[in-house]
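Numbering that gives the first Met the number 0 puts the sequence shown at residues 0 to 275. Here a beta-carbon is modelled for each residue, glycine too, at the ideal position from N, C-alpha and C. A quick note: this is a predicted structure, and the numbers were derived from the prediction, not measured.
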Amino acid sequence: MLRSITDLELSYNQLTGAIPASVGNLTKISTFYVFANRLSGSIPWEVGKLRSVTDLQLSYNQLTGAIPASIGNLTKVSKLYLHINRLSGSIPWEVGMLRCVTDLALSNNQVTDTIPASIGNLTKVSILSLHTNQLSGSIPWEVGMLRSVTKLHLSNNQLTDAIPASINNLTLLELLAIHENRLGGHLPNDICLGGQLQYFSTYGNNVTGPIPRSLKNCSSLIRLRLERNQLTGNISQDFGIYPHLNYLDLSDNKFYGELSWKWEDFHNLSNLKISM
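This is how it looks when you write it as structure tokens:
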């Protein structure tokens with residue numbers, strides 16, 4: 000039944016129970032929406048048979064178990080939303096086979112283990128959201144291969160080690176959220192190389208060292224949160240002029256010095272926190 004259907008939208012209902020394995024018979028389906036229901040159980044392996052699907056949204060349910068490796072068969076999918084469920088296990092290596100994906104959201108689950116290096120194959124991804132899980136290990140160097148990414152959400156995990164220098168390659172980056180992890184080391188030197196960065200949050204880590212020059216000159220910034228780290232430097236010299244900045248929190252670091260006259264040019268600044 001329904002073998003010829005191309006679009007199926009069942010979202011915003013009160014559907015319960017599991018996604019049936021027979022969903023794999025919908026081989027011509029392009030759009031499959033079942034988000035915002037009460038679906039439970041695991042994502043069936045047969046989802047990987049939906050070779051024509053371009054938009055798959057299973058978010059806002061109560062799905063459990065691991066993300067099936069068969070997800071890598073969805074080579075035409077551009078939007079894959081699995082966020083706000085109860086998924087566990089690791090991110091399968093096969094996620095790197097989603098070469099057409101532009102939006103990938105796995106956030107607000109209970110996913111563990113490391114971010115696979117195969118994530119670097121997602122060269123078309125614009126939005127990558129892995130926040131609010133239990134991911135550990137370091138941010139893989141291969142993240143720097145995501146040349147199309149504009150929004151990168153890795154916050155609220157258990158990520159460790161230094162932020163990889165390869166993140167400097169993300170010249171289209173508008174939002175970088177890596178707060179509330181266990182990251183250390185220095186901030187990458189060219190973190191704002193593309194001049195597009197608007198939202199940067201790395202608060203609640205163990206980042207050390209000075210403010211990099213590219214961040215000092217990052218006039219595109221709107222919101223900058225660096226609190227609760229071990230950053231050092233002269234507060235009057237290490238920050239530039241940010242005409243669009245409306246929120247700045249530098250508290251609980253090791254900065255010194257006095258506010259510079261340049262801060263008078265922060266015309267949009269409505270929140271400033273620099274308690275030491």
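Cα-Cα separation, residue 101 to residue 191: 22 Å
What's the gap between the Cα of residue 210 and the Cα of residue 226? 13 Å
Just mark residue 11 as buried or exposed, buried being the case when its beta carbon has 16 or more other beta carbons within 10 Å. exposed
Quick check on residue 264: does DSSP put it in helix, strand or coil? helix
Those residues which DSSP pairs with residue 98 across a bridge: According to DSSP, residue 98 bridges with nothing at all.
In this structure, how does DSSP classify residue 47 when only helix, strand and coil are distinguished? helix
If you reduce the DSSP assignment to three classes, tell me which class residue 10 lands in. coil
Let me know the secondary structure DSSP gives residue 105 once reduced to three states. coil
When 250, 215, 74, 240 are compared against residue 228, the one with the closest alpha-carbon: 250
Pull up the CB-CB distance for residue 47 and residue 17, whole angstroms please, since I reckon it's below 8 Å. Contact doesn't hold; Cβ gap of about 16 Å is too wide.
Is residue 193 helix, strand or coil when you go by DSSP? coil
Which residues in the same chain as residue 44 place their Cβ atom closer than 6 Å to its Cβ, once the five residues preceding and following it in sequence are excluded? 67, 69
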